[in-house]
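Participant: Plus 633 on top of the position in the sequence shown (first one is 1) and you've got the working numbering.
Glycine included, C-beta positions come from ideal geometry on N, C-alpha and C.
Below is a structure I'd like to ask you about.
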Amino acid sequence: MFKPIAPVGHSYGAFKIGYVYQNLSSKNIPLKNGANTYRLASNNAYFGLERGWVGGPYKMLMFGGYLDAGAGETYYLSAGGVFALRLLDGWLIPRIAIGYQLQHLGLPQDSQQHNIQSGVGTIGVFAHIAQGFGVSLEGRWGLPFTMARKADASIYRGPKFDMYAVMVSFTFYDFGI
């Protein structure tokens with residue numbers, strides 16, 4: 634009953650729902666309130682999908698794509714590629730992902746929402762609990778985020794934003810797809 638489900642074919646899918654803490658900051662941005670630094674620590678709902686190929690020796694290699702998002706104090710959408718290993722017959726699945734993230738950003742005393750974008754990297758691990766369900770813990774870092782629209786960037790003198798995030802989620806892996 635608690636044993637991980639063995640892969641039937643060569644494809645898999647995953648669904649995640651949980652929590653993401655994100656820290657976003659810029660050390661040199663001329664804000665309308667007179668400050669020149671910005672920091673946002675946000676708590677958001679997290680959800681994600683993953684689909685890919687599983688194979689290799691003992692069907693432990695996993696390659697796929699992901700789409701995930703956070704919604705709450707800020708909103709983002711991220712997509713990219715993932716590599717993972719199905720270790721200990723599926724009890725542990727460490728993973729690494731590289732992708733692109735687009736995010737909404739609200740600045741103090743500015744009624745507009747701005748879009749920022751960057752490449753991101755994610756590392757994490759899934760721990761199996763029962764019948765494909767388990768818990769995932771992941772960390773994400775981004776290259777310096779930049780404003781997507783040049784007009785917005787010029788108003789704030791082309792700011793760069795540093796970002797890190799921690800995601801905790803209930804995850805379901807299906808190896809019978």
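Anyone know if the C-beta pair for Y671 and V653 falls short of 7 angstroms?
Facilitator: Within the sequence shown, the letter at position 38 stands for residue 671. Within the sequence shown, the letter at position 20 stands for residue 653. In this structure, V653 does not lie closer than 7 angstroms to Y671 by Cβ.
Participant: Would you decide whether E683 is buried or exposed? Buried here means 16 or more other CB atoms lie within 10 Å of its CB.
Facilitator: Here residue 683 refers to the residue found at position 50 when the sequence shown is read from its first residue. Burial call: buried.
Participant: Under the assumption that W686 contacts S644 (Cβ atoms under 8 angstroms), give the Cβ distance between them as a whole number of angstroms.
Facilitator: Here the question's residue 686 lines up with position 53 in the sequence shown. Here the question's residue 644 lines up with position 11 in the sequence shown. The beta-carbon separation of W686 and S644, rounded to 6 angstroms, stays under the 8 angstroms limit for a contact.
Participant: For the beta strand (DSSP E) containing S644, name the first residue and the last one.
Facilitator: In the sequence shown, the residue the question calls residue 644 occupies position 11. It spans 644-659 - the beta strand (DSSP E) in which S644 sits, taken as one unbroken run.
Participant: Taking the alpha carbon of P640 as the point to measure from, which residue in Q764, R790, L770, F778 has its own alpha carbon closest?
Facilitator: One-based indexing of the sequence shown puts residue 640 at position 7. Here the closest residue by C-alpha is Q764.
Participant: Tell me whether D813 sits in a helix, a strand or coil according to DSSP, three-state version.
Facilitator: Because the chain spans 634 through 810 in this model, residue 813 falls outside it and cannot be assessed.
Participant: Can you name the start and end residues of the beta strand (DSSP E) that S711 belongs to?
Facilitator: The residue labelled residue 711 in the question sits at position 78 within the sequence shown. 708-718 is the extent of the beta strand (DSSP E) around S711.
Participant: Flag this pair as yes or no: are the beta carbons of F759 and S744 separated by less than 7 angstroms?
Facilitator: For this step, residue 759 is matched to residue 126 along the sequence shown. For this step, residue 744 is matched to residue 111 along the sequence shown. Their beta carbons are not under 7 angstroms apart, which means F759 does not touch S744 by this criterion.
Participant: With distance defined between alpha-carbon atoms, name the residue in K636, S675, S658, N676 nearest to N669.
Facilitator: For the purposes of this step, residue 669 is identified with residue 36 of the sequence shown, where counting begins at 1. Looking at the Cα atoms, S658 is the closest of the given residues.
Participant: Which partner residues of V768 appear in the DSSP bridge assignment?
Facilitator: As a working note, residue 768 is residue 135 in the sequence shown. Beta-bridge pairing links V768 to A760, F803.
Participant: Would you call the CB atoms of I810 and G646 closer than 7 angstroms?
Facilitator: As a first step, residue 810 must be located in the sequence shown, where it is residue number 177. As a first step, residue 646 must be located in the sequence shown, where it is residue number 13. Between I810 and G646, the C-beta spacing is below 7 angstroms.
Participant: Assuming R728 is part of the beta strand (DSSP E), what are its boundary residues?
Facilitator: Position 95 of the sequence shown, counting from 1, holds the residue named residue 728. Unbroken beta strand (DSSP E) run through R728: 725-739.
Participant: Name the DSSP beta bridge partners of L754, please?
Facilitator: Here the question's residue 754 lines up with position 121 in the sequence shown. In the sequence on display, residue 754 carries Gly and not Leu. BP columns for G754 point to I731, W774.
Participant: At the level of alpha carbons, what is the spacing between G642 and G754?
Facilitator: Your numbering for residue 642 matches position 9 in the sequence shown. Your numbering for residue 754 matches position 121 in the sequence shown. Whole-angstrom Cα-Cα distance: 28 angstroms.
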